[in-house]
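Visitor: I'd like to ask you about the structure that follows.
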Amino acid sequence: MKRRIAIPAAIGVAALALTGCGGASPSGSSEGSGTDDKLVIWNWGDADEAAAAYTEDVKAAFAKKHPDVEVEIVNQPFDQYYTLLGSAVEAGTGPDLALFNGGTQLKSRADTLVPLTDELADLEDTLAGWPAFQADGETYSAPMFLQGFPIYYNKALFTAAGLDADNPPATWDELSEACAAITEKTDASCFALGNKEGLGIEFFLSGFASGIFTPEEYDAWIDGDRDWTSEHATQVLQMWADSAADGWYNEGANSTAMFNDSFDLFSGGKSAMVVGLMSGTAHWKQFDEFLGDDLGFMMPVSTNDGTTLALPAEGGIGYGVLNEDKKELGVDWIKATVDHDALSAYSLAGGQITSDTTIELDTDIASANDIVGELSGSKPLLHTALEADTLDLLHRLGQQLLGGEVTVQDAAAQLAASEG
16 MKRRIAIPAA
26 IGVAALALTG
36 CGGASPSGSS
46 EGSGTDDKLV
56 IWNWGDADEA
66 AAAYTEDVKA
76 AFAKKHPDVE
86 VEIVNQPFDQ
96 YYTLLGSAVE
106 AGTGPDLALF
116 NGGTQLKSRA
126 DTLVPLTDEL
136 ADLEDTLAGW
146 PAFQADGETY
156 SAPMFLQGFP
166 IYYNKALFTA
176 AGLDADNPPA
186 TWDELSEACA
196 AITEKTDASC
206 FALGNKEGLG
216 IEFFLSGFAS
226 GIFTPEEYDA
236 WIDGDRDWTS
246 EHATQVLQMW
256 ADSAADGWYN
266 EGANSTAMFN
276 DSFDLFSGGK
286 SAMVVGLMSG
296 TAHWKQFDEF
306 LGDDLGFMMP
316 VSTNDGTTLA
326 LPAEGGIGYG
336 VLNEDKKELG
346 VDWIKATVDH
356 DALSAYSLAG
366 GQITSDTTIE
376 LDTDIASAND
386 IVGELSGSKP
396 LLHTALEADT
406 LDLLHRLGQQ
416 LLGGEVTVQD
426 AAAQLAASEG
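Count along the sequence shown starting at 1, add 15, and that's the number in our numbering.
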């Protein structure tokens, strides 16, 4: 029997970077519209039929209020998206609106966006995930979905390795023992990892953080008070390097694309675990299509004393207005993206956990219900609190640590220096 669960309204969320739900080939004009009868919008394309249907629902909701306004959506490739957008904005040829990952990617560009604090205030009580789209007291977008880093596992591979599939590891030591058993007794790697873009350490840091940092350290990190050379920050880098040295990951991880090659490894039963996503792509619905009842969800593991385990989750993606002259139209487009009916239809068809707290997730997929059950105690993603330059450096150092090309101490020092 299906369980219907309402997504809790009280969700501990803050800044996020969704790290890419797919790309599309560029098409159409990249210049913002100078007339009131056209709106030029950039995004990185629809990942599947469900996403395309959602886009059509959004366009229909917008058209109810502005039937005579032409909407031109320009799909840019995700791996070049922010570079292309930055160049276009600098040249004065940017779009009227653009899709942003919440957190670092939006906040680092807040000076190019039009504040919408008053215009979106009427949505505050309905949607969760706002902090990811707020900076310096202003709101720049409305969150469409919630995003986070659940850890998924393959119950069949756990059983094959002699592990208890109904009781996944709860501590770092137990996880290490499980990985040793999986690599010894099966042909699968312990974790699926795609680090060609350097994103792996983002997922590792935010995915396991609540079991490493104390609640006080965690909150201080989000608030900008962090020291990469401190005991627990350095420990994260050491754990990342050690897990690679201990053979947890698939061969060639640094040359494997995360989206979607690494997730295909997990779906195909070639890896026993993966730090995935809860919306967009690489989520419970997609994995369930391949693994069915063998799909499991586990919380971060406890590594240090004094920690409080929490699901890493927060606001996901939203559109920001770049053209002051199109502010009114832009606000109505943003409100169309969080239209109740559009989000409700997409939540099941596309496997999204939406920001709309009045939408119920009606599914019999156990991992989805388990994730929703942990949302009320969730904590923000740590990597999304970083400045863009530091995040880029973390990507490079993550690749070098994976390949043994830099020491943990040197990596920590470089990261500390990047934040002054």
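All residues carry an ideal CB built from backbone N, CA and C; glycine is no exception.
Given the structure is predicted, the values throughout are model-derived calculations rather than measurements.
For Asp347, I'd like the list of residues in its chain whose CB is within less than 7 Å of its CB, leaving aside the five on either flank, ordered along the chain.
Guide: Sequence index remark: in the sequence shown, residue 347 carries index 332 (1-based). Cβ neighbours of Asp347 beyond the five flanking positions: Phe77, Lys80 and His81.
Visitor: Helix or strand or just coil, what does DSSP make of Leu135?
Guide: Here residue 135 corresponds to residue number 120 of the sequence shown, with the count starting at 1. If DSSP states are grouped into helix, strand and coil, Leu135 belongs with coil.
Visitor: Do Leu54 and Leu99 have their C-beta atoms closer together than 8 Å?
Guide: Taking the first residue of the sequence shown as position 1, residue 54 is located at position 39. Taking the first residue of the sequence shown as position 1, residue 99 is located at position 84. No, Cβ-Cβ distance for Leu54 and Leu99 is not below 8 Å.
Visitor: I want to know whether the stretch 417 to 425 touches the stretch 249 to 264 - three or more CB-CB distances under 8 Å.
Guide: These segments touch.
Visitor: Would you mind working out which of Leu161, Leu142, Glu105 and Ala62 sits nearest Ala328, comparing C-alpha positions?
Guide: Translated into positions along the sequence shown, residue 328 becomes position 313. Ranking the options by Cα distance to Ala328, first place goes to Leu161.
Visitor: Can you tell me whether DSSP reads Met314 as helix, strand or coil?
Guide: Residue numbering aside, residue 314 sits at position 299 when the sequence shown is read from its first letter. Coil at Met314, not helix or strand.
Visitor: At 4 residues or longer, and completely inside the stretch 209 to 276: list those alpha helix (DSSP H) runs for me, N to C.
Guide: 215 to 223, 230 to 237 and 246 to 260
Visitor: Exposed or buried, Thr249, counting other C-beta atoms within 10 Å across all chains shown (16 or more means buried)?
Guide: If you number the sequence shown from 1, residue 249 lands on position 234. With 16 or more Cβ atoms within 10 Å of its Cβ, Thr249 is classed as buried.
Visitor: Less than 8 Å separating the beta-carbons of Ile380 and Trp299?
Guide: Counted from its first residue, the sequence shown places residue 380 at position 365. Counted from its first residue, the sequence shown places residue 299 at position 284. Cβ distance < 8 Å, so Ile380 and Trp299 count as in contact.
Visitor: Indicate whether the contact test is met: 3 or more Cβ pairs, each with one atom in the stretch 405 to 412 and one in the stretch 207 to 224, closer than 8 Å.
Guide: yes
Visitor: Leaving out five residues on either side along the sequence, give the residues of the same chain with a beta carbon under 6 Å from the beta carbon of Leu172.
Guide: Here residue 172 refers to the residue found at position 157 when the sequence shown is read from its first residue. Cβ within range, chain order: Thr201, Ala203 and Ala287.
Visitor: Identify the continuous beta strand (DSSP E) that holds Leu280 and give its terminal residues.
Guide: Here residue 280 corresponds to residue number 265 of the sequence shown, with the count starting at 1. Looking at the DSSP string, Leu280 is not in any beta strand (DSSP E); the run it does join, the alpha helix (DSSP H), is Phe278 to Ser282.
Visitor: Which of the three DSSP states is assigned to Ile56 in this structure?
Guide: Here residue 56 refers to the residue found at position 41 of the sequence shown. In the structure shown, Ile56 sits in a strand (DSSP, three-state: E or B).
Visitor: Can you tell me whether Gln95 is buried or exposed? The criterion is at least 16 other CB atoms within 10 Å of its CB, across all chains shown.
Guide: Start at 1 with the first residue of the sequence shown, and residue 95 comes out as number 80. In this structure Gln95 is exposed. Its beta-carbon is surrounded by fewer than 16 other beta-carbon atoms within 10 angstroms.
Visitor: When we look at the beta-carbon of Glu212 and count the other beta-carbons within 10 Å, is it buried (16 or more) or exposed?
Guide: Residue 212 sits at position 197 when you count from the first residue of the sequence shown. Flag for Glu212 reads buried.
Visitor: Hey, is the stretch 309 to 317 in contact with the stretch 230 to 238, meaning 3+ C-beta pairs nearer than 8 Å?
Guide: no
Visitor: Helix, strand or coil, according to DSSP, for Asp356 in the structure here?
Guide: Start at 1 with the first residue of the sequence shown, and residue 356 comes out as number 341. The answer is helix: DSSP assigns Asp356 an H, G or I state.
Visitor: Pair every Cβ in the stretch 56 to 74 with every Cβ in the stretch 357 to 368, then say whether three or more of these pairs are closer than 8 Å.
Guide: yes
Visitor: Can you give me the C-alpha to C-alpha distance between Leu324 and Gly283, rounded to a whole angstrom?
Guide: As a position in the sequence shown, residue 324 is number 309, starting the count at 1. As a position in the sequence shown, residue 283 is number 268, starting the count at 1. Cα to Cα, the separation comes out at about 29 Å.
Visitor: Quick one: what does DSSP say Tyr155 is sitting in, helix, strand or coil?
Guide: The sequence position of residue 155 within the sequence shown is 140, counting from 1. Correct three-state label for Tyr155: coil.
Visitor: Cutting at 6 Å between CB atoms, please list the residues of its own chain near Thr244, excluding the five before and the five after it.
Guide: Locating residue 244 in the sequence shown gives position 229, where the first residue counts as 1. For Thr244, where only same-chain residues beyond five positions count, the Cβ hits under 6 Å are Ala427 and Ala431.
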